[in-house]
Amino acid sequence: MSVVGAALLISACLCFFLYVVLGFLHRVIWQPFWTQRILAAQGIKGPAYCFLLGNAKELIRLRNQALEKPMTALSHDISHRILPYVSVWANNYGRNFAFWIGPRAQLVVTEPEKIKEILCNRYTNFPKAELYSFYLKKIFGQGLLISEGEQWSKVRTLTVSAFHGISLKGMMADMVASVEMMLERWKEKEGAEVEIYEELRTLTSEVISRTAFGSSFEEGKQIFGMLHKMMALAETNMYTIRLPFISNIFKTVDEMEAERLDQGIADSIIDIVKKREEKVKCQQDVDSNGYGSDYLGLLIQAHHDEDETKKISMEQLIDECRTLYAAGQETANAALSWMILLLAIHQDWQEKVRNEVISIFGHEKCLDFDGIARLKITGMFILETLRLYTPVYTGFIRDIGKEATLGKLTGLDGVQCHIPFIMIHHDPKIWGEDVHAFKPERFLDGIAKATNNNPTAFMPFGMGHHMCAGSNFAINEAKITIAMILQRYSLTLSPGYVHAPHPGLTLRPAYGIQIILNAL
Numbered sequence: 001m002s003v004v005g006a007a008l009l010i011s012a013c014l015c016f017f018l019y020v021v022l023g024f025l026h027r028v029i030w031q032p033f034w035t036q037r038i039l040a041a042q043g044i045k046g047p048a049y050c051f052l053l054g055n056a057k058e059l060i061r062l063r064n065q066a067l068e069k070p071m072t073a074l075s076h077d078i079s080h081r082i083l084p085y086v087s088v089w090a091n092n093y094g095r096n097f098a099f100w101i102g103p104r105a106q107l108v109v110t111e112p113e114k115i116k117e118i119l120c121n122r123y124t125n126f127p128k129a130e131l132y133s134f135y136l137k138k139i140f141g142q143g144l145l146i147s148e149g150e151q152w153s154k155v156r157t158l159t160v161s162a163f164h165g166i167s168l169k170g171m172m173a174d175m176v177a178s179v180e181m182m183l184e185r186w187k188e189k190e191g192a193e194v195e196i197y198e199e200l201r202t203l204t205s206e207v208i209s210r211t212a213f214g215s216s217f218e219e220g221k222q223i224f225g226m227l228h229k230m231m232a233l234a235e236t237n238m239y240t241i242r243l244p245f246i247s248n249i250f251k252t253v254d255e256m257e258a259e260r261l262d263q264g265i266a267d268s269i270i271d272i273v274k275k276r277e278e279k280v281k282c283q284q285d286v287d288s289n290g291y292g293s294d295y296l297g298l299l300i301q302a303h304h305d306e307d308e309t310k311k312i313s314m315e316q317l318i319d320e321c322r323t324l325y326a327a328g329q330e331t332a333n334a335a336l337s338w339m340i341l342l343l344a345i346h347q348d349w350q351e352k353v354r355n356e357v358i359s360i361f362g363h364e365k366c367l368d369f370d371g372i373a374r375l376k377i378t379g380m381f382i383l384e385t386l387r388l389y390t391p392v393y394t395g396f397i398r399d400i401g402k403e404a405t406l407g408k409l410t411g412l413d414g415v416q417c418h419i420p421f422i423m424i425h426h427d428p429k430i431w432g433e434d435v436h437a438f439k440p441e442r443f444l445d446g447i448a449k450a451t452n453n454n455p456t457a458f459m460p461f462g463m464g465h466h467m468c469a470g471s472n473f474a475i476n477e478a479k480i481t482i483a484m485i486l487q488r489y490s491l492t493l494s495p496g497y498v499h500a501p502h503p504g505l506t507l508r509p510a511y512g513i514q515i516i517l518n519a520l
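Each residue of the sequence shown is one higher than the one before, starting from 1 at the first, in my numbering.
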C-alpha cells in the first residue's frame, strides 16, 4: 500500500471514529441536556439527568428502600411500595414530571385526559416504545405486545377471534377441568395451610396450555420452566443500563444464559407446531377447522396461508406463542392470587360472592357459560381486586412522535410517555378519599360511575385499540376459578402470611399467600 493510500485509510478510520464518538456524545450529553431544557420551559420538572445512567441509581435506591421490609399491616395502600420513585418524584415535582432511564427521558402521565389522548390515538403519534430490557426482548420478541403496523394487525385479528365470543364458550370445559384437577389435589390438604401462589401458577399454566395450545401442562411444562427462569433474569436485571456499542460486543453471564433459554423456548415451540402439522398431514386431526380452532391452530393456519396479507412467518408464530405463554399465564397467576387473598381477608365479601355463586349454580351443579355471565357481585369483586393489585402495575410506555403534541406540551421528540397504572388506580383525586379501601360496591353502576366519569382511569387491561385481547378470557378464568373454589371451601388467611407485595415483572406476593382450606 502506498503512503497516500495508507494516509487515506487512516483518515477514513479517524473520521469514522470521530463520527461514532460525536454520535455517542450527542446521544448521552447534548440530547438529554436539550430535552431537559425544553421540558423545564413548559413546566415539566424532575430529577436532573446524570451522565449515561440517568436516574437509574436513585431509582434502584428508592426501590430497595421501599422493599427492605414487609408491610407492617394488611393495608391496600401499596403504590408507594410498588413504584416508590414515581410516588416520591410526583410529590417533589408534581403529577406530571420527567425522569431518566439512561439517556432517555420518561414523562410520567397520570391525568385521564392525557392518557386517553395517548392510548386512544389511532395514528402514529404515540407508538409502542422499544423494550430497553435485553431480557424482555428475549421473552416477547416481536409478539403482539411489542409489534406495530401490519404485523400487529395480522395477529391481533387472530387473537380477537381466538379469545372472544363463541371461542370463549368453547374454552369453558377446559377451564373447568383444569380447576377440577387443582381441587382434586386440595382434598388431601383440607384443614391445612396451602400456598396459593404456586398452586395457581400450576392452574394458570394448565389453562393456557389446554385452551390455547391444545395440550396439557405436562407438554408445556418445559416451556413454562424456561420462561420462568428467563423472567427471573429479567427481574434481576430490571434496571440495568446496557452501554451503547459495548453491550453489543461483550455479553454478561446472565445475557448468555438468556440466549440459551431463548433458543430452548423456540425449539420447544417448534416441536409442538411440528406435532400439530404432522397430525394434519397424517389425516389424524383433520376437521373443518384445519389445524384447529385454538390459538395455536389459528397461528399455524396463518403461517401456511397463501394470501401474503394474512401470512405470518415462523419467527412471528414463535413470538406469539411465547408472548401468550408468558403474559397470559403470569398475569393470571398474579391476579388470581390477590383475589384469593382478598377473599380470605374480607370474610363479608367472601360470603357475598359465595352466596351469589350458590344461588346460580348450587353447591354441586357444574358451571355454565350463561351463569358465569350473571355473576355480577363476583364481577365487582374482581374489578376492585384488579384496581388495588393491578398485575401489570407499571403500565404502558409509549414513544412520542416527532410532530406529536400532548395537551399543550410540544417539542417532545425523543421523550417517552410512562403511564403507571397502579398510581392512577390509587389516586384519591379520581377515586375519592377512600381510594385505599377495599370497596367492590364502587363498581355497582359500572366503571364510568366508579371513576367519576373518567373511565380511562381504570385500565388493568390497557385501553384503546391496543387493549389486551385476552381481557374477557382472564375475567372468565377468574370467575370460574373463584366460583368453583367457593362452592367447596371457606378460605381463612394463615397467621403465617406476610404482606409484602413485590414489583417483579408482574405484581406478586414476595413470600407467597398462605391460606387455610376449610371444607364446606
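Just so you know, even glycine gets a beta-carbon here, dropped at the ideal spot from N, CA and C.
Determine the extent of the alpha helix (DSSP H) in which residue i is found, giving its start and end residues.
i, result
"Y295", "Y295 to H304"
"D262", "V253 to K281"
"R104", "R104 -> not in any alpha helix (DSSP H); beta strand (DSSP E) instead, spanning R104 to V108."
"E308", "It is not in any alpha helix (DSSP H) - E308 carries neither H nor E in the DSSP assignment."
"L491", "Premise fails: L491 lies in the beta strand (DSSP E), Y489 to L493, not in any alpha helix (DSSP H)."
"F458", "From DSSP, F458 is part of no alpha helix (DSSP H); its letter is neither H nor E."
"Q65", "A56 to A66"
"S429", "Looking at the sequence shown, residue 429 is not Ser but Lys. Looking at the DSSP string, the run of the alpha helix (DSSP H) that includes K429 is P428 to W431."
"N237", "Looking at the DSSP string, N237 is not in any alpha helix (DSSP H), and its letter there is neither H nor E."
"C321", "M314 to T323"
"H346", "H346 -> no alpha helix (DSSP H), and no H or E assigned at all."
"H80", "S79 to I82"
Does DSSP put residue i in a helix, a strand or coil?
i, result
"T390", "coil"
"V194", "strand"
"L144", "coil"
"K402", "coil"
"G149", "helix"
"K365", "coil"
"K189", "helix"
"K128", "strand"
"L227", "helix"
"L14", "helix"
"L409", "strand"
"N91", "helix"
"M71", "coil"
"R201", "helix"
"V286", "Any reading at V286 is ruled out, since the residue's pLDDT is 47, under 50, leaving its predicted position unreliable."
"A48", "coil"
"F250", "coil"
"L375", "coil"
"H164", "coil"
"Y19", "helix"
"H76", "coil"
"Y291", "coil"
"L8", "helix"
"M467", "coil"
"G496", "coil"
In the DSSP output, what is residue i paired with across the bridge?
i, result
"R27", "Looking at the DSSP assignment, R27 forms no beta bridge with any residue, so it has no partner."
"P509", "P501"
"F97", "V108"
"L336", "Note: L336 sits in no beta bridge, so no partner."
Check this for me: beta carbons of residue i and residue j, under 8 Å apart or not?
i, j, result
"H363", "S79", "no"
"A326", "F213", "no"
"T390", "I419", "no"
"N92", "V108", "no"
"L233", "Y132", "no"
"I482", "M339", "yes"
"L298", "S161", "yes"
"I223", "S178", "no"
"G328", "G470", "yes"
"P47", "W89", "yes"
"V21", "L52", "no"
"E534", "T506", "Residue 534 lies beyond the residue range present for the chain, which begins at 1 and ends at 520; the question has no answer from this structure."
On the DSSP letters alone, give me the boundaries of the beta strand (DSSP E) that residue i sits inside.
i, result
"A519", "Q514 to A519"
"C417", "Q416 to I419"
"D399", "F396 to D399"
Report yes or no: is there a C-beta of chain B within less than 8 Å of the C-beta of residue i?
i, result
"R81", "The structure shown contains no chain B; it holds only a single protein chain."
(request) Only counting runs of 3 or more residues, tell me where the beta strand (DSSP E) segments fall wholly within the region 434–458, in order along the chain. (result) none
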